[in-house]
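**Q** Quick note on numbering: the sequence shown equals residues -2 to 253 in our numbering.
Shown below is the structure under consideration.
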Amino acid sequence: MKNASVITVGNEILKGRTVNTNAAFIGNFLTYHGYQVRRGFVVMDDLDEIGWAFRVALEVSDLVVSSGGLGPTFDDMTVEGFAKCIGQDLRIDEDALAMIKKKYGQADLTPQRLKMAKIPPSCRPIENPVGTAPGLICAVGGKKVIILPGVPKEMEALLKAMEKDIIIPDTHYYDDSVIIADVMESAFAPYVDRIMKEFDGIYVKSHPRNVEVKNPELEIEISGFGEDEAALRKKIEDAIARAGEYAVKLGGSVKR
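Here it is in structure tokens:
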């Protein structure tokens, strides 16, 4: 199984002005494309912080995806921070420059606009179908780094455009869930362990939906990765059925 990490960059996220929906979208996208997302980072607009996040993420990840910090302003420094991390200098990339010229038409190519065409040699630009700054796909010692804008619509469009570059052949992810009523999470906890032992390679997570001691209700989510999609789906569905059986055994009911 391949591991991934997600980095989101921006002071606005850390101070609570912007909700970090990008991390949720990227994490979900990567999971459903067969990656185990191991780590998530939120760092401020600072070269050292950005470089640190990339360095630590690359220690455990086959793929690192970042969002934020690709624009023309002084605090857009994700590409520079990444370049510093891998020991490369930024240079004008002709393909990236052509993309920038296409976006701005007859407008002057100011230093701020040219900034978005400067990338490390190990990266190649991907045209942004929504905004201005290109996304980047970079190769680092057999690993991949994807650098995306922070504007959600731009990030989502670029990540989908790069799907062919990150897909893992013969690796599938599947999850399903069941709603259990009248069983406290603390009472069901031993059965979470039991199900995971009965069905090798799955992950069982209980999500409380109500106050435990008043009107207990749980969502039991079961997920897993596998090479055989049909076999994986059957394993998850069998585990879901077993969770329902244990709920009834505890005096609860299955609402699914």
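Glycine included, each C-beta is placed from N, C-alpha and C at the ideal position.
Assess contact between the stretch 97 to 114 and the stretch 38 to 47, defined as three or more Cβ pairs (one per stretch) separated by less than 8 Å. Is contact present?
**A** Proximity of the stretch 97 to 114 to the stretch 38 to 47 falls short of the contact definition, fewer than three beta-carbon pairs being nearer than 8 Å.
**Q** Tell me the DSSP secondary structure of residue 223 in three-state form.
**A** strand
**Q** Nearest-angstrom Cα distance between residue 163 and residue 135?
**A** 12 Å
**Q** Does the stretch 225 to 234 come close enough to the stretch 159 to 176 to have 3 or more Cβ pairs within less than 8 Å?
**A** yes
**Q** By Cβ distance below 7 Å, which residues in the same chain neighbour residue 69 in space, the five residues on each side in sequence not counted?
**A** Hits under 7 Å: 109, 110, 112 and 113.
**Q** If you draw a straight line from the alpha carbon of residue 60 to that of residue 209, how long is it in whole angstroms?
**A** 39 Å
**Q** According to DSSP, is residue 35 helix, strand or coil?
**A** DSSP, read as helix, strand or coil, puts residue 35 in strand.
**Q** Please report the Cβ distance between residue 218 and residue 168, rounded to the nearest whole angstrom; I am assuming they are in contact, meaning their Cβ atoms lie under 8 Å.
**A** Residue 218 to residue 168, Cβ: 20 Å. No contact.
**Q** Indicate whether the contact test is met: 3 or more Cβ pairs, each with one atom in the stretch 148 to 158 and one in the stretch 115 to 130, closer than 8 Å.
**A** yes
**Q** In terms of residue numbering, what span does the beta strand (DSSP E) encompassing residue 2 cover?
**A** -1 to 6
**Q** Contact between the stretch 44 to 51 and the stretch 19 to 33 is defined here as three or more beta-carbon pairs at a separation below 8 Å; is this criterion met?
**A** no
**Q** On the criterion of 16 or more Cβ atoms from any shown chain inside 10 Å, does residue 73 qualify as buried, or is it exposed?
**A** buried
**Q** In the DSSP assignment, find the unbroken beta strand (DSSP E) run with residue 176 in it and report its ends.
**A** 169 to 178
**Q** Going by Cα to Cα distance, which pick from 90, 188 and 186 is closest to residue 123?
**A** 90
**Q** Have a look at 8, 64, 20 and 203 and flag the residue whose alpha-carbon is nearest the alpha-carbon of residue 181.
**A** 203
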